[in-house]
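Quick notes on the structure that follows.
In our numbering, the protein residues as written are 652 to 774.
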């Protein structure tokens with residue numbers, strides 16, 4: 652039996668985390684979650700099974716753009732692809748996310764089929 656992919660969700664809003672975890676579980680994925688980029692770095696450093704990160708772009712302390720750059724620069728977990736998940740849907744936001752190092756951009760509210768397709772393409 653194929654092992655379920657492990658997805659890390661980094662979002663400061665627990666409602667978003669709850670909804671994403673439930674949706675991912677319904678599609679056969681396992682997930683870890685945290686409320687800050689710093690916690691996310693720690694989870695990535697301690698869980699080599701994480702195959703992809705879903706990163707909220709608007710967080711206190713360190714925004715998603717900076718966090719994506721830190722992840723990408725890491726020797727330990729820089730290989731893990733990051734998907735930007737954001738309510739920002741202004742012109743140029745997608746490009747800004749991709750320029751920061753995100754593999755893909757998913758606007759909120761999330762289209763689950765789109766998200767699953769992107770996870771499969773990038774992990």
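By construction, the Cβ of each residue, glycine as well, lies at the ideal position given by its N, Cα and C atoms. As the structure is a computational prediction, the values presented were derived from the model and not from experiment.
Mind checking residue i: buried by the 16 CB within 10 Å criterion, or exposed?
i           : result
residue 669 : exposed
residue 737 : buried
residue 765 : exposed
residue 740 : exposed
residue 729 : exposed
residue 755 : buried
On a CA-only basis, which of the options is nearest residue i? Give me that one, please.
i           : options               : result
residue 689 : 706, 699, 680 and 679 : 706
residue 709 : 661, 656 and 733      : 661
residue 700 : 745, 746, 731 and 759 : 731
Please state if the CB of residue j and the CB of residue i are separated by a distance shorter than 9 Å.
i           : j           : result
residue 664 : residue 687 : no
residue 757 : residue 735 : yes
residue 683 : residue 694 : yes
residue 774 : residue 702 : yes
residue 761 : residue 671 : yes
residue 763 : residue 666 : no
residue 733 : residue 743 : no
residue 770 : residue 654 : no
Our contact map puts residue i next to residue j with C-beta atoms below 8 Å; I'd like the distance itself, whole angstroms only.
i           : j           : result
residue 658 : residue 680 : 5 Å
Original post:
Is there contact here, the segment 715-730 with the segment 750-767, by at least three beta-carbon pairs under 8 Å?
Top reply: The segment 715-730, when compared against the segment 750-767, does touch it at the 8 Å Cβ threshold.
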